[in-house]
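First the structure, in the form of structure tokens, and then the observations on it.
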Amino acid sequence: MLGDWFRVVQLLKGGNSGTDDRQLEEAWNAIGDYYADRHKWKADEKITCHGQEPNLRPSNKDIGSMFGSIGMCNQAVEAYKKCNKVKAAIDICVSLNEWNTAIELAKELNVREIDTLLAQYAKRLLDEGKILSAVELYRKANRFRDAAQLMFKVATEESKKNHAPSVMKKIYVLAATLVEEHRMLSRKTSKATGSTKTTNEASLALNALMSDDAKGTATFRPLDQPWRGAEAFHFYLLAQRQLYEGEYFYSDG
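So the sequence shown is residues 1 to 253, counted in UniProt numbering.
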């Protein structure tokens, strides 16, 4: 039974005869496995390293590699963070397709490669047709301009499906709100740095996605006129309501 290993250690250490090191090591390893099976990593680490020389104990880097090799991303990240192996932590997230964790980690530790990570993850989502997921990704990363561009792309596509005007209005309102958040963030950044230059450039994947629409929307620049679509559907809904209520004079205006 699992509990017997604790008793084995007591008997081996309390025995009058010479202790069998091999049996004692086997018992300690079994107890370590007992804690590991229950995700009690601190206890497992203490037990596994019990009686070993400091230079023979597995490093946090090795522990991170072990966790990563069996798909335990969060545990691997924690191990890598303890030894300041930030890039290794991000790499294991990417290799295990834990992109959200990679992005959050890059933001938390101010990693310069966050733009590259964002572009890679966004491209993956766009290739899979998950545009709204890409919008949410950019929004969480404070890339409101990119999120807004994608949201206007969604609005253009959804307008072809004859959705209810109220639904279209909400989509355009969300897109416009993202533009306003981008402008607000840009102003804060400019005040903080004394420069109007921003690092929030659209990724290559996003530019490729938007390029096909740019030719047909030369007269309407969403980022310059973010509320135009929302206003159009708002007045359309208002005119419909007035028409149904018999207020023909106002609906014609």
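Ideal Cβ placement from N, Cα and C applies to all residues, glycine included. Since the model is a prediction, treat every value here as computed from it, not as a measurement.
| Query | Result |
| --- | --- |
| Reduced DSSP category for Leu-96 - H, G, I as helix; E, B as strand; rest coil | coil |
| Own chain, CB closer than 6 Å to Pro-226, minus 5 neighbours either side, in chain order | Ala-176 and Val-179 |
| Where the alpha helix (DSSP H) through Ala-141 begins and ends | Careful: Ala-141 lies outside any alpha helix (DSSP H) and carries neither H nor E. |
| Option nearest Ile-92 by Cα separation, candidates Ala-134, Leu-117 and Arg-183 | Leu-117 |
| His-163 (DSSP reduced to helix, strand or coil) | coil |
| Sequence-distant residues of its chain with Cβ nearer than 8 Å to Ala-141 (five each side left out) | Ile-103, Lys-107, Ile-114 and Leu-118 |
| Nearest to residue 255 (by Cα), restricted to the options Ala-122, Val-167, Leu-96 and Asp-127 | This structure leaves residue 255 out entirely; the chain is present only between 1 and 253. |
| DSSP three-state assignment for Asn-200, whether helix, strand or coil | Here the model assigns Asn-200 a pLDDT of 46, short of 50, so the residue's position is not dependable and the matter cannot be decided. |
| Coarse secondary structure for Val-111, derived from DSSP in three states | coil |
| Outcome for Thr-198 when other beta-carbon atoms lying within 10 angstroms are tallied against a minimum of 16 | The predicted position of Thr-198 is uncertain, since its pLDDT is 40 and thus under 50; no value can be drawn from it. |
| Nearest neighbour of Trp-99, chosen from Glu-26, Asn-74 and Ser-159 [CA to CA] | Asn-74 |
| Three-way DSSP call (helix, strand, coil) for Asn-84 in this model | coil |
| CB of Val-86 within 9 Å of CB of Leu-109, strictly | yes |
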